[in-house]
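Residue 397 in this note's numbering sits at position 123 of the sequence shown, with consecutive numbering throughout. Just so it is clear, CB atoms sit at the ideal spot from N, CA and C, and this is done for glycine as well. Contents: one structure, followed by commentary.
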Amino acid sequence: MNLIEVRDYTEMSQKAAEYIIEKVRRIPNIKLGLATGGTPIGTYQNLIEDHQKNKTSYQNVLTFNLDEYVGLSGDNQNSYRYFMNDKLFNHIDIDKNNTFIPCGNVEDIEAECQRYEELIHHHGGVDLQVLGIGSNGHIGFNEPGTSFTSKTHVVNLTASTIEANARFFNSKEEVPTKAITMGISSIMKSKEILLLISGEKKREAMQKLLHAEVTESFPASILRNHPSVTIIADQAALAKS
Ligand code: GLP
């Protein structure tokens, strides 16, 4: 794992955007894996600013998002579809038909999981996956205990994840209790991974990621077995508590 240390969230967001922009310019039909949460918002803002200033084009880019809440439609303000449109897709020249996110409000959730996994495969897989990390080590919505062989599947969110994500909702009760997420094996199939870590709340996760053993009880630890991972982490996350 290649670790890039940065000062703060602002610098992390700039560095991450530069990293992605360089790839998009070199490979105009790149397949990007994208993440939600607070961490990548600044990165997306930088991508938008660059698109406006330097005209980096996303016309031929395909995107695959990691996850979506079960039970929310795409026009619900708390869905990850809404988040991605609002924070990125509406502001760049990407074709929305080329932006893929699991559908959270279908009748047959299991079939949706299978469809999504096959869709990624059909398009030849993700070239560069952007990832955040939960404070309990989750990636996507793969909570501790998730099998390393898992493909896209339905998960029950843990109390700590519901608590952490409640800040985006009016109340904790409104946070869905289930989500569809790419599995650990789906994530590990991407050719390259860019992991973003910022803030003191991620300190413990950062230390475990760097030093603890590879174990399903800390999902992000699997990344140590991936051949091409770049971590951009800020000082608050890197500080030892
Ligand atoms: C969320 C998302 C993850 C994200 C993580 C961290 O639940 N499903 O993809 O990486 O939790 O979120 P944040 O960046 O807001 O700390």
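Item	Value
Contact set for K463: own chain, Cβ-Cβ below 6 Å, skip 5 residues either direction	G399
E285 versus K425: straight-line alpha-carbon distance, rounded	33 Å
Any residue whose CB is nearer than 6 Å to a heavy atom belonging to the ligand GLP, listed in chain order	A309, T310, G311, G312, T313, L340, D341, G406, I407, G408, G414, F415, T435, N439
DSSP bridge partner residues for A494 (one or two, in chain order)	A494 pairs with nothing; no bridge assigned.
Validate contact between the region 482–492 and the region 411–421 using beta carbons, cut 8 Å, 3 pairs	yes
Limits of the unbroken alpha helix (DSSP H) element including L321	315–328
Straight-line Cα distance separating C387 from A440	25 Å
Cα-Cα separation between Q481 and P314, rounded to whole angstroms	20 Å
Range covered by the alpha helix (DSSP H) that runs through A440	A440 -> no alpha helix (DSSP H), and no H or E assigned at all.
Closest residue to R355 among G311, Q319, N320 (Cα-Cα distance)	G311
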